[in-house]
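Quick note on numbering: full-length UniProt numbering labels position 91 of the sequence shown as 91, and the sequence is numbered without any gaps. We put the beta carbon where it would ideally sit given N, CA and C, even for glycine. No experiment lies behind these values; they were computed from the predicted model shown. Have a look at the structure below, then the notes.
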Amino acid sequence: LSTKIDKEIISAAGDKLKMLATFSVGYNHIDIKECEKRGIPIGYTPGVLTDTTADLAITLLLATSRRIAEAMRTVRNGEWGTSSNIMWMCGKPLINSTIGIVGLGRIGLAIARRLQPFSIQRILYSGTREKYFDSDNDKKLFKFVQFEELLHESDFVIIACALNEETTNMFNKKAFEQMKNDAILINISRGGIVDQDALYDALKNGQIRAAGLDVTVPEPLPTDHPLLTLDNCTIFPHIGSADEYARHQMAQICVDNLLNFFSGKPMAHQLKIDNA
1 LSTKIDKEII SAAGDKLKML ATFSVGYNHI DIKECEKRGI PIGYTPGVLT
51 DTTADLAITL LLATSRRIAE AMRTVRNGEW GTSSNIMWMC GKPLINSTIG
101 IVGLGRIGLA IARRLQPFSI QRILYSGTRE KYFDSDNDKK LFKFVQFEEL
151 LHESDFVIIA CALNEETTNM FNKKAFEQMK NDAILINISR GGIVDQDALY
201 DALKNGQIRA AGLDVTVPEP LPTDHPLLTL DNCTIFPHIG SADEYARHQM
251 AQICVDNLLN FFSGKPMAHQ LKIDNA
């Protein structure tokens, strides 16, 4: 899934390494440039993760907005029933909210579809280009905006874009300063898109309300990491694809890629790199 395949490992394998088959849709754990240099093709497992990752995004969003982890701790710590505050454990509602999705690809769009029954007001999205929608309802619901406007206007911001040079540390101190003070950030993409030191400061100082992360840098996150001390930060152990059906499908694609390659056939799903 995420075992590091760096230049050292690739070099150690030498000419015996004919191809790589990764059990994932992401490939930032592989030294792509070294594979390009050596003409090593890479098989990966896209497509089958869309629904399960979108499901996880909604789970994480609800867990964060309704303070589920914090609520469970109060039960375990014997704090249930000790407060007379009528706003005790209240969370942020989705109804009539503005959702911002950074990267409206397959997964981003699947997340958006799952959000519609929650009576949200509108969905803003940013990315490389504007999407075309057929239905009038979609045209009213979805609005393509620049990244800065999305930050300013969104009650919930969901990261669903790829990690690359442009998106690395995209969510930094400047970005958090442009978000609403009661905004909630959700990241189900890649940890490197978020500057975690800046996120810690934003959460600690009330710059944003809360964050939910399924991805971090590094993975696993050290148990003494500052983010783990915050009640308003919910962290999952990168389980976006962790349902039985998706994992079986990923395994099948991975095996198909291997068998096809060594049979002289095109891989079921081959990553496009220049020299392979």
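Need the endpoints of the alpha helix (DSSP H) that residue i sits in, please.
i, result
"Thr168", "First-last for Thr168: undefined, no H or E at that position."
"Thr234", "That residue, Thr234, is in no alpha helix (DSSP H); its beta strand (DSSP E) goes 233-235."
"Lys174", "173-178"
"Asn257", "244-262"
"Val75", "68-76"
How about residue i and residue j: do their beta carbons lie closer than 7 Å?
i, j, result
"Leu213", "Asn187", "yes"
"Thr45", "Val25", "yes"
"Leu124", "Val145", "yes"
"Val215", "Arg247", "no"
"Ala211", "Leu185", "yes"
"Arg209", "Asp182", "yes"
"Gly91", "Arg66", "yes"
"Leu94", "Ile120", "yes"
"Thr50", "Arg106", "yes"
Keeping to the same chain, check which residues put their C-beta closer than 8 Å to that of residue i; ignore five residues upstream and five downstream.
i, result
"Asp55", "Arg114, Asp243"
"Phe23", "Leu1, Thr45, Met250, Ala251, Cys254"
"Asp195", "Asn169, Phe171, Asn172, Lys173"
"Gln116", "Leu141"
"Lys7", "Asp31, Glu34"
"Leu17", "Ile10, Arg38, Ile40"
"Leu20", "Ile5, Ile30, Cys35, Ile40, Pro41, Ile42, Gly43"
"Lys143", "Arg122, Ile123, Leu124, Tyr125"
What three-state label does DSSP hand residue i in the structure shown?
i, result
"Leu49", "coil"
"Ser126", "strand"
"Asn187", "strand"
"Leu104", "coil"
"Gln116", "helix"
"Ala211", "strand"
"Lys33", "helix"
"Lys4", "coil"
"Thr98", "strand"
"Val194", "strand"
"Glu149", "helix"
"Cys90", "coil"
"Leu62", "helix"
"Pro222", "coil"
"Thr229", "helix"
"Tyr27", "coil"
"Asn275", "Any reading at Asn275 must be qualified, since the residue scores a pLDDT of 47, below 50, and its modelled position is unreliable; no value is offered."
"Lys16", "helix"
"Ile239", "coil"
"Asp182", "coil"
"Ala162", "coil"
"Lys265", "coil"
"Ser11", "helix"
Take residue i and list the residues in its own chain whose beta-carbon comes closer than 6 Å to its own, dropping the five residues that flank it on each side.
i, result
"Met267", "Gly43, Asn257, Asn260, Phe261"
"Ala100", "The residue you asked about is not Ala; residue 100 is Gly in the sequence shown. The answer, listed in chain order, is Leu124, Leu150, Ser154, Val157."
"Ile235", "Leu213"
"Glu219", "His238"
"Gly240", "Thr53, Leu56, Ile188, Asp214"
"Val217", "Gly191, Gly192"
"Ile5", "Ile30"
"Gly127", "Gly103, Leu104"
"Gly108", "Ile101, Ala160"
"Met179", "Leu151, Ile208"
Could you name the residues of the same chain whose beta carbon sits closer than 7 Å to that of residue i, not counting the 5 residues immediately before and after it, in chain order?
i, result
"Thr167", "Cys161, Ile193"
"Ala198", "Asn172, Lys173, Phe176"
"Ala57", "Ile111, Ile158, Ile186, Ile188"
"Ala69", "Ala63, Thr234"
"Pro226", "Tyr200"
"Thr98", "Gln121, Arg122, Leu124, Glu153, Ser154, Asp155"
"Tyr27", "Ile42, Tyr44, Leu271"
Where DSSP assigns a beta bridge to residue i, which residues make up the other side?
i, result
"Gly43", "Ala21, Gln270"
Please report the residue range of the beta strand (DSSP E) in which residue i lies.
i, result
"Val157", "156-159"
"Phe133", "That residue, Phe133, is in no beta strand (DSSP E); it is neither H nor E in DSSP."
"Lys143", "142-144"
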